[in-house]
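A.B. asks: Count the sequence shown with the working numbering and you get residues 11 to 121, in order.
Structure provided below as structure tokens; questions to follow.
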Amino acid sequence: MASLYADEQFPLPVVELLRAFGHDVLTVQESGNTGFSDPEVLAFAVKNNRVVLTQNRRDYIKLHRLQPNHVGIVVCTDDRNFEQLAIRINTAISTVENLKGELIRVNRPSL
Numbered sequence: 011m012a013s014l015y016a017d018e019q020f021p022l023p024v025v026e027l028l029r030a031f032g033h034d035v036l037t038v039q040e041s042g043n044t045g046f047s048d049p050e051v052l053a054f055a056v057k058n059n060r061v062v063l064t065q066n067r068r069d070y071i072k073l074h075r076l077q078p079n080h081v082g083i084v085v086c087t088d089d090r091n092f093e094q095l096a097i098r099i100n101t102a103i104s105t106v107e108n109l110k111g112e113l114i115r116v117n118r119p120s121l
């Protein structure tokens, strides 16, 4: 299971579902880092050996290109079906042996 770090706007219901799947998920709020910039969130994740979990795709894709030496970044499209989003995230990260330096894209299915 993965050690994840959910950014400030990431939906708490998805965090809770991922925890139920057995992932170790820490939120920005729980770590006391509310208000941190995206580079600061990524730096905290790297320092604590955690994969960033975010819906802020544009900024984190850019950070991935600028700082490829991270523990992993999972960028997700907005999806209010929290259960399905959690399942897609779990599936995506479970299929990758080592998330170090990886950018994983989890997209909402087309209708």
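Ideal Cβ placement from N, Cα and C applies to all residues, glycine included.
Quick caveat, the model's predicted, so the values are computed rather than measured.
1) For the candidate residues ILE97, GLY82, ASP48 and SER41, whose alpha-carbon lies nearest to that of VAL61?
2) When the Cα of VAL111 is compared with those of ASP69, VAL56 and PHE92, which residue comes out closest?
3) Which residues mark the beginning and the end of the alpha helix (DSSP H) in which THR101 is found?
4) Straight-line CA distance for SER100 to LEU28?
5) For LEU36, name the three-state secondary structure that DSSP assigns.
6) Are the beta-carbon atoms belonging to LEU109 and VAL24 less than 7 Å from one another?
7) Starting from VAL84, trace the beta strand (DSSP E) both ways and give me its first and last residue.
8) In this structure, how does DSSP classify ALA16 when only helix, strand and coil are distinguished?
9) Do the region 65 to 81 and the region 36 to 56 meet, that is, are 3 or more Cβ pairs less than 8 Å apart?
10) Who are VAL116's beta bridge partners in DSSP?
C.D. replies: If we stick to the structure as given:
1) Nearest of ILE97, GLY82, ASP48 and SER41 to VAL61, Cα basis: GLY82.
2) Residue 111 is actually Gly in this sequence, not Val. Out of ASP69, VAL56 and PHE92, VAL56 has the C-alpha closest to the C-alpha of GLY111.
3) 92 to 104
4) As written in the sequence, residue 100 is Asn, which differs from the Ser given in the question. Looking at the two C-alpha atoms, the distance is approximately 7 Å.
5) strand
6) no
7) 83 to 86
8) strand
9) yes
10) CYS86
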